[in-house]
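Residue numbers (our numbering), protein chains in the order written: chain X, 187 to 468; chain L, 157 to 474.
For glycine and all other residues, C-beta sits at the position ideal for the given N, C-alpha and C.
This structure is a prediction, so every number in the text was calculated from the model and none was measured.
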Amino acid sequence: MRRGGSSLGLGQVVSYALMALAVAIIGLPLLWMLLGSLKTNQEIYTLPPQWLPTEWRWENFGEAWNAAPFGQFYLNSIITTLAGTGLELVNATMTAYAFAFLRFPKKEWVFVLLLAALMIPNQVTILPNYLTLSDVFGQSWINTYQGIVLPGAATAFGAFLLRQSFLGLPREVLDAAKVDGCGHLRLLWDMVIPLSRPVLVTFGLISLVAKWNDYLWPLIVTNTQQMRTLTVGLTYLFDQEGNTDWGVVMAASMFVIVPLLVIFAWAQRHIIEGIAAGATKG
Amino acid sequence: MLGRASLSAAPEIDGVRSAPQEITRRRAFWRAEWFLFLLFVAPNLLLFGIFSYWPMISNLYLSLVRWDMISPVKTFVGSANYAYLFNDNEFRMVLRNSAVFTVGAVGGSLLLGLATALLLNQKLRWRNGARAVLFAPTLLSGAAIGIVWVYIFDPRFGLLARLLGGIGISSPSWLTDPAWALPAVIIVYVWKNVGFSTVIYLAGLQAIPQDLYEAARVDGAGVLWRFRSVTLPMLSPITFFLVITALLNSFQAFDIIKVMTEGGPVDATNTLIYYVYEQGFVAYNAGRAAAAALVLFAIMFAITLFQLRYAEERVHYA
């Protein structure tokens with residue numbers, strides 16, 4: 187028994203060490219970014235590279251901000267992310283409500299149409315979508331907000347996720363509301379949406395993260411500096427020939443990353459548990 | 157009288173006894189609901205029609221022509237684009253890279269995800285904090301993360317050079333050496349995505365009933381045997397889900413590769429999705445880009461069908 191007790195202690199020490207190692211492997215690159223964003227260029231290019239900056243150079247952030255129109259990039263990212271997330275939420279909610287509560291002949295056909303959309307990844311459609319948007323009734327939607335947002339505004343995943351959750355709502359409450367003469371719009375707005383707030387928040391956050399980080403489509407559908415989003419605009423500072431001013435580039439990378447880290451810190455439990463529940467319940 | 161009225165209001169009543177206008181009223185009521193259904197699904201389906209279904213038809217057509225995306229003429233060439241791709245050494249390289257990248261990315265993130273989940277499934281202090289740290293990179297922009305890792309991989313001034321130097325190893329030229337570039341982008345992909353597998357596996361582990369372990373222990377099963385006979389089988393639906401999700405995601409990995417290597421050096425990190433982008437928007441070869449996009453689609457479609465086929469008993473849709 188004593189042997190068992192002491193080996194448990196040893197096992198725990200090993201476990202804590204491994205946990206610290208895992209956290210270090212994931213955390214150190216982010217720490218390296220943060221410390222790099224505070225180093226002078228001279229310090230970055232000294233051998234051997236040091237962990238801590240000798241003087242903390244906050245000016246890197248100002249220089250990064252002025253090296254490219256980051257104010258404009260932020261505005262573009264915020265507009266397209268909010269619009270895209272909002273449209274996805276509306277589309278998902280309406281489609282899910284229709285499938286959960288409304289009668290329609292041949293509903294399963296519509297369902298198959300939605301399922302088919304789930305199987306067509308955005309990456310496969312970039313070329314035709316670029317061509318479609320370069321000529322919308324004689325107008326070009328390249329370099330427009332609607333051009334960035336609309337191809338990603340529909341959602342099959344969200345519709346399925348919300349439908350599943352709507353079907354789990356207490357039936358008696360909804361029926362009671364119907365008996366009271368509550369129409370579908372009232373039912374949706376006053377009952378279904380408030381009762382489904384957790385899953386709406388989870389899906390909204392998943393959508394928000396995807397839109398904010400999207401890179402391929404904004405890269406293709408914009409070509410002026412004015413219309414670039416943050417992820418694409420970031421690469422303006424980045425010289426692939428190897429003469430990169432790393433302090434400034436790391437500061438600029440933080441512009442992209444920090445807003446999501448803040449959201450994550452605030453809604454960490456909700457995001458992780460929402461995603462885990464969605465996957466394990468299948 | 158009262159009885160008749162309530163009967164005719166019941167939907168099951170046969171049409172003979174109901175008043176004709178009652179049927180029309182009922183039909184109008186049904187129609188209103190059908191109309192509302194269509195109204196609710198229309199925006200979603202319309203957008204899918206324009207930006208998902210139509211592009212597949214358009215892709216099919218474009219894959220049969222030669223076109224530089226500017227000239228008004230598209231030359232019909234039949235299957236020549238496909239024939240070109242499958243006889244082209246560069247495209248073979250692209251397929252090989254995609255396969256290596258996928259196996260490395262999926263295998264790496266699942267194995268390490270399972271290992272870290274087993275670790276965090278123990279009663280350790282701060283384990284929720286550790287879980288949060290591991291998960292955080294999955295939410296971050298691949299473009300920004302890619303740039304950070306270019307600095308980390310710098311063979312002289314980067315973090316890895318610093319760490320390897322500490323144990324007396326000199327750093328390879330990660331991103332400029334064709335032998336190291338693909339492993340380097342796989343490392344970044346696994347680093348970024350391992351936390352997702354950790355979180356999902358952890359949820360799966362916590363859902364395994366404890367009495368299964370008790371029973372195995374009573375039968376004299378050791379730690380390894382309990383892992384093989386209880387943990388792994390109980391996790392198999394989750395492993396299946398993770399494999400499919402990771403496969404589909406890794407085939408779509410673009411931002412990391414674009415930012416870190418632009419498919420190079422000498423095509424060493426050129427994968428299918430990058431090839432589609434490059435042929436379409438750098439080389440302006442619409443036909444080849446469309447054909448390659450359909451190859452990518454065919455692979456992902458096969459994976460999805462496989463999933464639907466084998467997940468039927470677990471997932472209930474309609």
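Flag Leu357/X as yes if its beta-carbon sits less than 9 Å from any beta-carbon of chain L, otherwise no.
The sequence as given places Arg at residue 357/X; Leu does not occur at that position. Chain L, which has no Cβ nearer than 9 Å to the Cβ of Arg357/X, makes this no.
Inter-residue Cα distance where the pair is Arg243/X and Ile312/X
So the alpha carbons of these two residues sit roughly 41 Å apart.
Give a yes or no on whether 9 Å exceeds the smallest Cβ distance from Arg465/L to chain X.
With 9 Å as the cut-off, Arg465/L does not count as an interface residue toward chain X.
Does the beta-carbon of Ala288/L have 16 or more other beta-carbons within 10 angstroms, so that it is buried, or is it exposed?
buried
Can you confirm whether the stretch 254-272 of chain L touches the stretch 393-402 of chain L when touching is taken to mean that 3 or more C-beta pairs between the two stretches lie within less than 8 Å?
yes
For Leu358/L and Trp295/X, the rounded distance between their alpha carbons
37 Å
Check the Cβ-Cβ distances between Pro380/X and every residue of chain L, and say whether any is below 9 Å.
no
Quick check on Val422/L: does DSSP put it in helix, strand or coil?
coil
What number of angstroms, rounded off, separates the C-alpha of Arg472/X from the C-alpha of Ala188/L?
Since the first residue shown for chain X is 187 and the last is 468, residue 472/X is missing from the structure and cannot be characterised.
Alpha carbons only, please: which of Pro334/L, Leu270/L, Met390/L and Arg248/L is nearest the one belonging to Leu368/L?
Residue Met390/L is the option with its Cα nearest to Leu368/L.
Whole-number beta carbon distance between Phe257/L and Leu338/L, since they are thought to touch under 8 Å
7 Å
Is any beta-carbon of chain L found at less than 9 Å from that of Lys364/X?
no
Taking Val250/L as the query, report the chain X residues whose CB atoms sit under 9 Å from its CB, ordered along the chain.
Those within 9 Å of Val250/L in chain X number zero; the least Cβ separation is about 14 Å.
Pick from Leu220/L, Phe247/L, Asn215/L and Arg312/L: whose alpha carbon is nearest that of Leu233/X?
Arg312/L
Please report the straight-line C-alpha distance between Phe346/X and Pro314/X, rounded to a whole angstrom.
26 Å
Coil, strand or helix - Phe232/L by DSSP:
strand
Could you tell me which chain X residues have their CB closer than 7 Å to the CB of Thr272/L, listed as they occur along the chain?
Those within 7 Å of Thr272/L in chain X are Ala208.
Nearest chain L C-beta to Phe256/X closer than 9 Å, yes or no?
It does not: the Cβ of Phe256/X has no partner Cβ on chain L nearer than 9 Å.
Under 8 Å, with one C-beta from each stretch per pair, do the stretch 443-455 of chain L and the stretch 292-305 of chain L reach the 3-pair mark?
no
Does the beta carbon of Ser326/L come closer than 9 Å to any beta carbon on chain X?
Chain X places no beta carbon closer than 9 Å to that of Ser326/L, leaving this residue out of the contacts.
Label Trp237/X either buried or exposed according to how many other C-beta atoms from any shown protein chain fall within 10 Å of its C-beta, with 16 as the threshold for buried.
exposed
Range of the contiguous alpha helix (DSSP H) that encloses Arg349/X:
Phe343 to Leu353
Can you tell me whether Pro291/X is buried or exposed, with buried defined as 16 or more other CB within 10 angstroms of its CB?
exposed
What does the alpha-carbon distance come out to for the pair Thr341/X and Gly195/X?
50 Å
Within its chain, find whatever has a CB closer than 6 Å to the CB of Asn246/X; leave out the 5 residues flanking it on each side and keep chain order.
Ser223, Gly433, Val434 and Ala437
Taking the straight line between their C-alpha atoms, what separation do you get for Asn277/X and His370/X?
Taking the Cα positions, Asn277/X is about 16 Å away from His370/X.
Between the C-alpha atoms of Ala484/L and Phe285/X, what's the straight-line distance to the nearest angstrom?
A question about residue 484/L goes unanswered here, because the residues of chain L that appear run from 157 up to 474.
With DSSP run on the structure shown, which of helix, strand or coil describes Arg318/L?
helix
Which ranges does the alpha helix (DSSP H) cover as unbroken runs of at least 4 residues, wholly within the stretch 282-354 of chain X, from first to last along the chain?
293-304, 312-320, 331-335 and 343-353
Closer than 8 Å by beta-carbon distance: list the chain X residues that pair up with Ser235/L, in chain order.
Going along chain X, no residue has its Cβ under 8 Å from Ser235/L, so there is no contact; the nearest lies around 18 Å.
Classify Asp310/L as buried or exposed, calling it buried when 16 or more other Cβ atoms lie within 10 Å of its own Cβ.
buried
Between Lys225/X and the rest of its own chain, which residues show a CB-CB distance below 7 Å, the 5 nearest in sequence each way excluded?
Pro239, Arg243 and Gly433
Please report how far the alpha carbon of Glu249/X lies from the alpha carbon of Pro255/X, in whole angstroms.
11 Å
In the DSSP assignment, find the unbroken alpha helix (DSSP H) run with Pro293/L in it and report its ends.
Per DSSP, Pro293/L belongs to no alpha helix (DSSP H) and is neither H nor E.
Could you pull out every residue in the same chain whose Cβ sits closer than 6 Å to the Cβ of Ala453/X, ignoring the five residues on either side in sequence?
Around Ala453/X: no qualifying Cβ.
Would you report the Cα separation of Leu301/X and Pro328/L, rounded to the nearest angstrom?
46 Å
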